[in-house]
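The sequence shown begins at 294 in our numbering and counts up by one.
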Amino acid sequence: MDIEQARLNMIEQQIRPWDVLDVDVLHVIEKTPRELFVPDRYQNLAFSDLEIPLQRGQFMLTPKIEARMLQALQVIPSDEVLVVGTGSGFTSACLAKLGKHVDTVEYYADLSARAQSILERLAINNVNCIRDDALSKQDYSTQYDVIAVTASMPAYPAIFEKLLADNGRMFVIVGTAPVMQAQLITRINAQSLCYTRLFETNVRPLTGVKELQDFQL
Numbered sequence: 294m295d296i297e298q299a300r301l302n303m304i305e306q307q308i309r310p311w312d313v314l315d316v317d318v319l320h321v322i323e324k325t326p327r328e329l330f331v332p333d334r335y336q337n338l339a340f341s342d343l344e345i346p347l348q349r350g351q352f353m354l355t356p357k358i359e360a361r362m363l364q365a366l367q368v369i370p371s372d373e374v375l376v377v378g379t380g381s382g383f384t385s386a387c388l389a390k391l392g393k394h395v396d397t398v399e400y401y402a403d404l405s406a407r408a409q410s411i412l413e414r415l416a417i418n419n420v421n422c423i424r425d426d427a428l429s430k431q432d433y434s435t436q437y438d439v440i441a442v443t444a445s446m447p448a449y450p451a452i453f454e455k456l457l458a459d460n461g462r463m464f465v466i467v468g469t470a471p472v473m474q475a476q477l478i479t480r481i482n483a484q485s486l487c488y489t490r491l492f493e494t495n496v497r498p499l500t501g502v503k504e505l506q507d508f509q510l
């Protein structure tokens, strides 16, 4: 496989047609080696429009959803970022290049360790890989300018909203199969949030989320 041609095809045939035109986002996707984050046995699918299987029954998001997420979050170099669901680590790597620092939380220890190893290999040193259950974690040490939830939730707890700093942006996918809504939640001030629907999709649920009650935005 010609990796660079496959990467270009991914950007030109999948990502741009989904209205991802932000130059910084396109650049970071081009320069972050997605193939290193994909399990070896799925290397031939690294740039395909597919949810690629990971360990523990988890999956990478498709490239176009990752790109739309990055574009919607409008990350700037001073941003403190939280990723809920490290997965392969690719989204965390991109956000680390766009922002100041990333805390990335993963339920499964082996997935977290694998992502950390790849990030270290790429000398991406502004990512803190945390093995924990993001839904029950109580000791978040800061508020975040950006929160990226990388799996779907039929509902989500207020803890994530409470972690948003003023002008903070959170990407979430809310709903149940077959149709879910990708949404951007922006904190206006201590009392107010703005909810923006972005697009419809259907992705796997976040680990542990099934116990939550349904919630509609």
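Every residue, glycine too, gets a C-beta built ideally from N, C-alpha and C.
- [ ] Classify Glu-297 as buried or exposed, calling it buried when 16 or more other Cβ atoms lie within 10 Å of its own Cβ.
- [x] Glu-297 is exposed by the Cβ-count criterion.
- [ ] Let me know if Glu-413 comes out buried or exposed under the rule of 16 or more other beta-carbons within 10 Å of its beta-carbon.
- [x] The residue is exposed, with fewer than 16 neighbouring Cβ atoms inside 10 Å.
Task: Complete alpha helix (DSSP H) runs within the region 339-422 (minimum length 4 residues, chain order) - done: Within the region 339-422, the runs of alpha helix (DSSP H) that reach at least 4 residues and sit entirely inside it are, in chain order, 356-366, 383-391 and 402-414.
Task: First through last residue of the alpha helix (DSSP H) which encompasses Val-318 - done: Val-318 -> alpha helix (DSSP H) spans 316-324.
Open item on the list: Going by DSSP in three states, Asp-333 sits in which element: helix, strand or coil?
Closed with: Three-state DSSP puts Asp-333 in a helix.
TODO: Sort out for me which residues DSSP pairs Val-577 with in a bridge.
DONE: Within the shown structure, residues of the chain are numbered from 294 to 510, placing residue 577 beyond reach of any answer.
Open item on the list: Would the region 406-425 count as touching the region 375-387 if we require 3 or more Cβ pairs under 8 Å?
Closed with: Put simply, the region 406-425 touches the region 375-387. At least three CB pairs are less than 8 Å apart.
TODO: Grab the span of the beta strand (DSSP E) containing Arg-309 for me, first residue to last.
DONE: Counting along the chain, Arg-309 falls outside any beta strand (DSSP E), and DSSP gives it neither H nor E.
TODO: Could you tell me the boundaries of the beta strand (DSSP E) in which Leu-486 lies?
DONE: Segment 486-494, the beta strand (DSSP E) holding Leu-486.
TODO: Please work out which residues of its chain come closer than 8 Å, Cβ to Cβ, to Ala-458, disregarding the five sequence neighbours upstream and downstream, and give them in chain order.
DONE: Here the set comprises Glu-373, Gln-436, Tyr-437, Asp-438 and Arg-480.
Open item on the list: Taking contact to mean 3 or more Cβ pairs, one atom from each stretch, closer than 8 Å, check whether the region 459-479 and the region 488-495 are in contact.
Closed with: At 8 Å Cβ cutoff, the stretches touch.
Task: Close Cβ partners of Tyr-400 (< 7 Å) along its chain, the five nearest in sequence each way excluded - done: Excluding positions up to five away in sequence, the list reads Asp-426, Thr-500 and Gly-501.
Task: Where the alpha helix (DSSP H) through Arg-300 begins and ends - done: Segment 296-302, the alpha helix (DSSP H) holding Arg-300.
- [ ] Classify Phe-508 as buried or exposed, calling it buried when 16 or more other Cβ atoms lie within 10 Å of its own Cβ.
- [x] Summary for Phe-508: the model assigns pLDDT 43, below 50, so the residue's position carries little reliability; its value from the coordinates is reported in the next sentence. Flag for Phe-508 reads exposed.
- [ ] Would you tell me roughly how many angstroms separate the C-alpha atoms of Glu-344 and Leu-338, rounded to the nearest one?
- [x] Taking the straight line joining both Cα atoms gives about 9 Å.
Open item on the list: Rounding to the nearest angstrom, what Cα-Cα distance links Asp-295 and Lys-357 in this structure?
Closed with: Asp-295 and Lys-357 have their alpha carbons spaced roughly 20 Å apart.
TODO: Would you give the residue range spanned by the beta strand (DSSP E) that Ile-478 belongs to?
DONE: 472-480 is the extent of the beta strand (DSSP E) around Ile-478.
Open item on the list: Could you tell me the alpha carbon to alpha carbon distance between Arg-462 and Gln-336, rounded to whole angstroms?
Closed with: Taking the Cα positions, Arg-462 is about 33 Å away from Gln-336.
TODO: Please name the residue, chosen from Arg-327, Ile-417, Ala-441 and Pro-447, that lies closest to Leu-366 on a Cα-to-Cα basis.
DONE: Ranking Arg-327, Ile-417, Ala-441 and Pro-447 by Cα distance to Leu-366 puts Ala-441 first.
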